[in-house]
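Counting in this note's numbering, the sequence shown runs from 101 upward without gaps.
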Amino acid sequence: MTTTDLIKALSDRLDNAQARIGLLDAYYDGNQPLAFLAPDAREALGDRFGRMSSNIPRLAVTSLAERLRVTGFTRDGQPDPALWAAWLRNDLDQLAPVAHREALTLGRSYALVWADPDGRPRVSIESARQVTTITDPATRAVVAAFKRWVDPAARKGYAVLYEPDQITRYVSDANVADPAALPATSWTATGTIRNPFGVVPMVPIVNTDRILDLDGASELDDLIPLVDGLNKALADLLVTSEYFARPRRWATGLELIETDDGQVQNPIPDAMRMMVSESPDTKFGQLDAADLASYEAAVRVLLGQIMAVSALPAHFIGITSANPSSADALRAAEASLAARAEARQATFGRSWEAVGRLVVAASTGTDPAAVAVSCQWADPSTRSVAQEADAVVKLFSAGLLPASTALAKLGYSDDEIASIRSARRAEALDSAGVDLKAVAS
Numbered sequence: 101m102t103t104t105d106l107i108k109a110l111s112d113r114l115d116n117a118q119a120r121i122g123l124l125d126a127y128y129d130g131n132q133p134l135a136f137l138a139p140d141a142r143e144a145l146g147d148r149f150g151r152m153s154s155n156i157p158r159l160a161v162t163s164l165a166e167r168l169r170v171t172g173f174t175r176d177g178q179p180d181p182a183l184w185a186a187w188l189r190n191d192l193d194q195l196a197p198v199a200h201r202e203a204l205t206l207g208r209s210y211a212l213v214w215a216d217p218d219g220r221p222r223v224s225i226e227s228a229r230q231v232t233t234i235t236d237p238a239t240r241a242v243v244a245a246f247k248r249w250v251d252p253a254a255r256k257g258y259a260v261l262y263e264p265d266q267i268t269r270y271v272s273d274a275n276v277a278d279p280a281a282l283p284a285t286s287w288t289a290t291g292t293i294r295n296p297f298g299v300v301p302m303v304p305i306v307n308t309d310r311i312l313d314l315d316g317a318s319e320l321d322d323l324i325p326l327v328d329g330l331n332k333a334l335a336d337l338l339v340t341s342e343y344f345a346r347p348r349r350w351a352t353g354l355e356l357i358e359t360d361d362g363q364v365q366n367p368i369p370d371a372m373r374m375m376v377s378e379s380p381d382t383k384f385g386q387l388d389a390a391d392l393a394s395y396e397a398a399v400r401v402l403l404g405q406i407m408a409v410s411a412l413p414a415h416f417i418g419i420t421s422a423n424p425s426s427a428d429a430l431r432a433a434e435a436s437l438a439a440r441a442e443a444r445q446a447t448f449g450r451s452w453e454a455v456g457r458l459v460v461a462a463s464t465g466t467d468p469a470a471v472a473v474s475c476q477w478a479d480p481s482t483r484s485v486a487q488e489a490d491a492v493v494k495l496f497s498a499g500l501l502p503a504s505t506a507l508a509k510l511g512y513s514d515d516e517i518a519s520i521r522s523a524r525r526a527e528a529l530d531s532a533g534v535d536l537k538a539v540a541s
C-alpha cells in the first residue's frame with residue numbers, strides 16, 4: 101500500500117466514524133432529539149421547556165469512570181518511581197480519567213507518547229474525533245496512526261502520519277474550515293522524522309471485551325433505546341400534566357364576549373380564581389383530573405431495564421425507596437458496577453502498560469518490547485481516595501498489613517515511603533527524649 105493509499109484509508113476511517121461519534125456525543129451531553137414524539141405532542145409542548153432529557157448516559161459513564169483510578173506502576177515486579185513521576189509530570193493523574201470517559205463514551209481514545217524539547221517523555225490524550233489507527237490482523241499491533249485537524253482561522257487542514265519507522269507531517273491543499281470538508285487526498289508532506297521507538301507511538305485505549313472489535317463499543321449502545329423510551333414517557337407525563345392533570349372547569353349558560361374585530365373571547369380567563377355569572381341559567385362544573393400513575397409505572401419499568409443493562413444501582417438512579425440501609429447493603433448494591441469496573445481496569449490496563457513501556461523507552465533509550473511494566477489500580481469498590489484510605493487503615497489497624505505495604509497501597513512511591521519512615525523514626529526518638537549526638541559519642 102502506497103503512502104497516498106494509506107492516508108486515504110485512514111481519512112476514510114475518520115470520516116465514516118464522525119456520524120456515530122456525533123450521535124454518541126449528543127447522548128452523553130443530553131442533547132439528543134426526543135424520540136417517538138408525535139407532531140401533535142410536539143406542538144402541545146411548544147416552548148414550555150427547551151428539551152426533555154434524563155441524562156442517564158452521562159451518569160452511567162461517570163459512575164464507571166470514577167472507579168478507574170491508576171495508582172502506580174511496577175517494573176520487573178518492583179515499584180518504578182521514575183515512571184510514576186513521568187505520569188504525574190504529564191498530568192495523567194487528571195487526564196487519564198478523561199481518556200477513560202472518552203473510551204467509555206465513544207468506544208476508544210488514544211494516548212500519544214513522544215519527547216518534549218528537553219528530552220523528557222511527553223504523553224498527550226487524543227480524541228477519536230481526530231485520530232484513527234490501522235491494526236495488523238495477524239499480530240494485533242498498530243501499524244499506522246493518523247491524526248487530522250483543522251485550523252479555522254487559517255482555513256487549513258493539518259495531519260500527522262505515525263508509522264513504525266517514521267513520522268510525517270502533512271498540510272492539506274484544500275481551503276476548508278470544517279474537518280468534515282477535508283478531502284481524503286491532496287495532502288502535501290511538510291517534514292519527516294525518524295521514529296526511534298520502532299513501533300507506532302499512538303496507543304489506542306479501547307473499550308471492548310471482544311476479540312475482533314478493534315474500534316471498541318460505547319457504554320451508551322445498550323442505553324440509547326431505553327433512554328429514548330424514558331424521555332418519551334417523561335415528555336408524555338409533562339404533556340398530560342400540562343393539559344389534563346389539573347382539574348378543568350366548565351360552564352354553561354354564559355354569554356360569550358366578542359372583541360371589536362368580532363373574535364369570540366373567553367368570558368372567564370384561566371387566571372381568574374372566582375367565576376361569577378348574573379344569569380340564573382348558568383351552571384358550573386369540574387372535570388376529573390387525569391391519573392398519572394400509569395406514567396409512573398412506565399418510568400419504573402424503563403428504569404429497571406436501564407439498571408439491568410448499565411449495572412447502576414437503584415440509589416444511583418434516584419429511586420429513594422431503595423436506599424441501602426448499611427455499609428454491607430451499599431457494597432452489595434454496587435457489586436455489579438464494581439465488577440464491571442474491574443473488567444474495564446483489565447482492558448484499559450493493557451493500554452496504560454503500553455504507554456508505560458514507551459515512556460521508559462523515551463527516558464532510557466531501550467527497546468519498548470524489552471520493558472516489563474504493570475499497571476496498578478485502586479480498588480474498584482471504592483470511588484475516592486478517602487474511601488481507599490479508610491479501607492487500608494482498617495487493614496493496618498487489624499494487623500493484616502505492615503505500614504510500608506499500607507503506604508504502597510495508597511500510591512506512595514518508595515522514596516516517599518522511606519521519607520515517611522525516617523520522619524516517624526525521628527519523631528519517635530524526639531518523643532522518647534533520645535539525644536542522638538549523646539548516643540553517638
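Note that the Cβ used here is the ideal one computed from N, Cα and C, for glycine as well.
Annotation: the continuous beta strand (DSSP E) that includes MET302 extends over 302–306. ARG220 sits in coil when the DSSP states are folded into three classes, being neither helix nor strand. Excluding five sequence positions before and after ALA433, the CB atoms of its chain that fall closer than 6 Å to its own CB belong to PRO413, PRO424, given in chain order.
For ALA478, same chain residues with a beta-carbon under 7 Å away, outside a window of 5 residues either side, are ARG169, THR171, GLU488 in chain order. Scanning SER272, GLU263, ASP309 for the CA closest to the CA of ASP251 turns up SER272. Partner residues in the beta bridge of LEU261, as assigned by DSSP, are PHE246, THR268. Taking C-alpha positions only, LEU123 is separated from ARG431 by approximately 34 Å. Within the region 357–436, the complete beta strand (DSSP E) segments at least 3 residues long are 383–387, listed from N- to C-terminus. Between ILE417 and VAL243, the alpha-carbon positions lie close to 43 Å from each other.
Minimum Cα-Cα distance from ASP309 among the listed residues ASP428, ARG444, SER474 corresponds to ARG444. Non-local C-beta neighbours of SER463 in its own chain, meaning closer than 6 Å and more than five positions away in sequence, comprise PRO221, ordered along the chain. Closest in alpha carbon position to ALA284, among PRO301, GLN266, TRP249, is TRP249. Per DSSP, GLN476 is one residue of the beta strand (DSSP E) stretching across 473–477.
Counting only runs of 3 or more residues that sit fully inside the region 293–344, the beta strand (DSSP E) segments are 302–306, in chain order. Distance from the CA atom of GLY353 to the CA atom of ASN331, rounded to whole angstroms, is 42 Å. Less than 9 Å separates the beta-carbon of ALA245 from that of THR232.
Of THR205, PHE297, GLY207, VAL198, the smallest CA-CA separation from ILE225 is found for VAL198.
As far as DSSP is concerned, ALA454 takes part in no beta bridge. With a beta-carbon spacing of about 7 Å, SER154 and VAL327 fall inside the 8 Å limit used to define contacts. Around the C-beta of LYS494, fewer than 16 other C-beta atoms lie within 10 Å, and the residue is accordingly described as exposed.
Between SER111 and LEU314, the C-beta gap is not smaller than 9 Å, which leaves the two residues out of contact.
In the DSSP assignment, the residues bridged to GLN178 are ARG175.
When secondary structure is reduced to three states using DSSP, ARG444 falls in the helix class.
Under the Cβ criterion (8 Å, minimum of three pairs), the region 339–349 does not count as touching the region 233–241.
When the alpha-carbon of ARG440 is set against those of LEU500, ASN307, GLN365, LEU458, the nearest one is in ASN307.
Straight-line spacing of the CA atoms in LEU183 and GLY465 works out to 14 Å. Rounded to whole angstroms, GLY385 and VAL401 show a C-alpha spacing of 36 Å. According to the DSSP secondary-structure assignment, GLY291 is paired through a beta bridge with ARG269. Following the DSSP letters along the chain, one finds TYR127 inside the alpha helix (DSSP H) bounded by residues 103–129. Excluding its 5 nearest sequence neighbours in each direction, PRO304 has C-beta neighbours in its own chain below 7 Å: ARG208, TYR210, THR233, VAL242, SER451, listed in chain order.
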